[in-house]
Amino acid sequence: MRYQDPKLRALLAGEYVLGTLHGAPRRRFERLLLEDARLRALMEDWQRRLDPLADQLAPVTPPARVWHKVREGLRGTSRHRRAGLWRRVEIWRPLALAASLLLLSVGLYNLLTPAITPTLGQVAVLSDSQAQAAWLVSLDARRGALTVKAVQARGLAPGKALELWAL
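Counting with our numbering, you get residues 61 to 227 for the letters of the sequence shown.
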């Protein structure tokens, strides 16, 4: 914008004093006021001209609902802030932090713990003469161990021993 244009400067100073200049244009004008003494003088001239008009107005007491809204806004409980749990950042930040820490700990656990892969090896069930399961034989190839377990405990006659033959 051409801030050196006298008409534009007068218009902006008037809008600023009236309070109708909002947002980024207002902030930009306030920065210009800090740097430009002639613009400050123009703004003060507008204030001198408009202040007597404000003095002529009779005071008006705002309705109670207006003061209620002002108090709500000051306490931070206005309607847009009570939008619910889903819009409250102060609730979600700790939850996001906890979830991140949990994910990190599970990831580190998986990286640092050796993978345990079950190996079945070879398993055989040996039957007796009545075709009943009598023995469970398993081979653990990693350890090089052969394990034989009785399915049911059976008593042996005195002087007898068990033998396992494999072909």
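Every residue, glycine too, gets a C-beta built ideally from N, C-alpha and C.
Legend entry - For Leu186 and Tyr169, the rounded distance between their alpha carbons: 41 angstroms
Inset, instruction - Output the boundary residues of the alpha helix (DSSP H) element that contains Ser189. - result: No alpha helix (DSSP H) holds Ser189; DSSP gives it neither H nor E.
Legend entry - Exposure of Val110, with buried meaning 16 or more beta-carbon neighbours within 10 Å: The question names Val, but residue 110 is Leu in the sequence shown. It counts as exposed.
Inset, instruction - Determine the DSSP secondary structure at Val120, reduced to helix, strand or coil. - result: coil
Legend entry - Exposure of Ala193, with buried meaning 16 or more beta-carbon neighbours within 10 Å: exposed
Legend entry - Residue burial classification, Tyr63 (beta-carbon count within 10 angstroms, cutoff 16): exposed
Legend entry - Selected residue, minimal CA-CA separation from Arg203, among Gly181, Val120, Ala84 and Ala114: Gly181
Legend entry - Pick from Val211, Arg69 and Ala201 that is closest to Asp188, judged by C-alpha positions: Val211
Inset, instruction - Using beta-carbon positions only, say whether Ala73 and Trp127 come within less than 7 angstroms of one another. - result: no
Legend entry - Continuous alpha helix (DSSP H) stretch holding Val77: start and end: Pro66 to Leu78
Inset, instruction - Compare the beta carbon distance of Trp195 and Val183 with 7 angstroms and say whether it is the shorter of the two. - result: no
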